[in-house]
Amino acid sequence: MTTLSLSELVFLLFESDSTPLHVSGLMMLRPPQDVQDFGLRLHRQLVRCGPVVAPFDQVIHCSSSRVPKWQPADEVDLSYHVRLAKLPKPGDADQLMELVARIHSYRLDRSRPLWELWVIDGLESGDIALVMKFHHALTDGLRAASLVADSFELSERLGYLVPFWQLGSRIDEQPPELSQWLEALSPSFWVKQARIGLDSLKLLGMAAGDRLSLTASGIRLPFTAPRTPFNDISSDRAKQVILAKLPASRLSRLATFTGARFDDVVLTLCDMALHRYLKVHNWRDRDPLVAMVPLREEEDGDRLHMISVGLVELGRPGLTPMQRLKAIGRTHRRIKEQTRRTSAKAYNRYSSVVNALALVAARYDNKQWLPPAANMLISEVEAADHPLSLLGAKLTASYPLSLLMPGQTLNMTLMHYDGELHFGLVCCRHSLPGIESFDRYLEEGLEELESSVISHISSRLVPAT
């Protein structure tokens, strides 16, 4: 048995019926024209695809005297984990979104391995939808997307179905308990912990100095974000799912022309769309929004840690699109510069403490005495830079759907797939009326930013008279 890590425990302890802490993905398959009942055939094959390997055969074992551990389940009933649903006529996109939102709204059963796969048939287009659902303690969205892409590629290459639960994905293993005790008795262990603690305190000091305008570290002090409709306290279990997509090539061109990072262009467009939403709904935004953004290593782009995020201040109200892009890029860059000056472990610890405090405050501060730690979570995952298919069915779109943190009514996750950027928004059902127009706000923001960049470049090329 494997002891649960601290991050895995956090996702389990703070989960509730109104705040399920799992990640999902919606994938659209276009079956071959000469194959009838593709969805039914696919489901029949999937429920026969054993065996199930770790971690997808693991359940959580709890006892009163020991730390919770992962252990193999006595049996994995694939007919429970792999489900078939058929939409009633007409089988339109609204019906699909309603079903996907319902699937994403309820908690996974902890007495079983913490994952599900839904095959959804009955769409008027003839397409098949797959909804995959993983508890965040089991894996995160980045690893899940990579594993599913591997499953598709391997199935296509071999000519038969190889589902993700036969490939497996390592759960972060903890050292044996005896080794942990022996390590804790070593003086070098405590020296190392003290050094990490001091580095974490330095990060907190930088954030405080930035708040007091004494420094320009870019590190945002927690619990200083403005309270917005994205931070309503709601016990509503029902979620709403919104989808959008943009051509990645248009964003890449903007990054090239402006010298900005692709991530900063994405954050700018999200910020513009969110401000447009607030303006349409008569919300007077005075302060910049603050987004939780997972940080990545500069060299290889890997996440620093499963729950390592930075608080990124977005653009202030009234900025032009170019000014907003520059402001977000400057803040994002300063955060990464400061985190590189400390150890990754120090930043992970600082980030974990901030997140834990945010979770506690959001869950127990019913009177909302404290400002929000952040307004929303915005994250990115990679699927594949080339088209994928499964048993001859082409994967036409892949949308990530993530968890709603306590105290937040909006989560935005982006996925790169085959030259497109797919946006999956998860919201509280009654907290954000009119959020269905987000895809239009996003497209309008892209056009506005492109026009601003063209005007900026033109003004620099035309000689002064």
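Take the sequence shown: its position 42, counted from the start at 1, is 118 in the working numbering, and no numbers get skipped. For every residue, glycine included, the Cβ atom is placed at its ideal position computed from N, Cα and C.
For Glu458 and Gln316, the gap between their C-alpha atoms comes out near 23 Å. In the structure shown, Ala367 adopts extended strand secondary structure according to DSSP, grouped into three states. Just measuring C-alpha positions, the residue of Gly500, Leu122, Pro96, Gly495 sitting nearest Ser231 is Leu122. Trp445 counts as exposed, since fewer than 16 other C-beta atoms from the protein chains shown sit within 10 angstroms of its C-beta. With contacts defined by Cβ atoms closer than 8 Å, Arg106 and Asp203 form a contacting pair. No residue range can be given for Ala450, since it is assigned to no beta strand (DSSP E) and is classified by DSSP as neither H nor E.
Close CB contacts of Gly101 within its chain, under the 6 Å cut and outside five residues either way in sequence, are with Met208, Pro476 (chain order). Straight-line spacing of the CA atoms in Arg329 and His180 works out to 35 Å. The beta carbon of Leu327 lies closer than 7 Å to those of Phe338, Val341, Val342, Leu497 in the same chain, with the five residues before and after it left out. The shortest C-alpha to C-alpha distance from Arg505 to any of Leu480, Glu524, Val128 is the one to Leu480.
Secondary structure note for Tyr475: it is in no alpha helix (DSSP H), and the uninterrupted beta strand (DSSP E) holding it is 469–477. Counting only residues of its own chain and dropping the five nearest sequence neighbours on each side, Ser507 has a CB closer than 7 Å to the CB of Pro305, Asp308, Ser310, Thr485. Between Tyr493 and Ser139, the alpha-carbon positions lie close to 43 Å from each other. About 4 Å separates the beta carbons of Ser227 and Phe240, which is inside the 8 Å limit, making them a contact pair. DSSP lists Ala460, Glu496 as the beta-bridge partner residues of Tyr493. In the three-state scheme derived from DSSP, where H, G and I count as helix and E and B as strand, Lys165 is classed as coil. Across the structure, Arg120 and Lys165 are spaced so that their CA atoms are roughly 23 Å apart. Measuring C-alpha to C-alpha distances from Arg303 to each of Ala320, Leu354, Pro144 identifies Leu354 as the nearest. Contact between the region 396–403 and the region 514–534 is present: 3 or more CB-CB pairs across the two stretches fall below 8 Å. Under the three-state reduction of DSSP, Trp359 is assigned to coil, being neither helix nor strand. In this structure, DSSP gives Ser465 an extended state, which the three-state scheme calls strand. Judged by pairs of C-beta atoms under 8 Å, the region 189–197 touches the region 151–159, as three or more such pairs exist.
In the DSSP assignment, Phe299 falls outside any beta strand (DSSP E) and carries neither an H nor an E. Pairing Asp93 with Arg313 gives a Cβ-Cβ distance under 8 Å. Taking Pro144 as the centre and dropping the five residues before and after it, the same chain places the C-beta of Leu80, Ile136, Cys138 closer than 6 Å to its C-beta, in chain order. With a 10 Å radius around the Cβ and a threshold of 16 neighbouring Cβ atoms, Ser83 comes out buried. Short of 6 Å from the beta carbon of Ala331, and not among the five residues preceding or following it, lie these beta carbons of its own chain, in chain order: Phe338, Val341.
The beta-carbon separation of Leu234 and Leu522, rounded to 40 Å, does not stay under the 8 Å limit for a contact. Around the beta carbon of Glu151, a 10 Å sphere encloses fewer than 16 other beta carbons of the protein chains shown; the residue is thus reported as exposed.
Between Val369 and His212, the C-beta gap is not smaller than 8 Å, which leaves the two residues out of contact. Glu151 sits in coil when the DSSP states are folded into three classes, being neither helix nor strand.
Bridge pairing for Thr95: absent [DSSP].
In the DSSP assignment, the residues bridged to Pro323 are Glu496. A Cβ-Cβ contact shorter than 8 Å links Ala449 with Val430.
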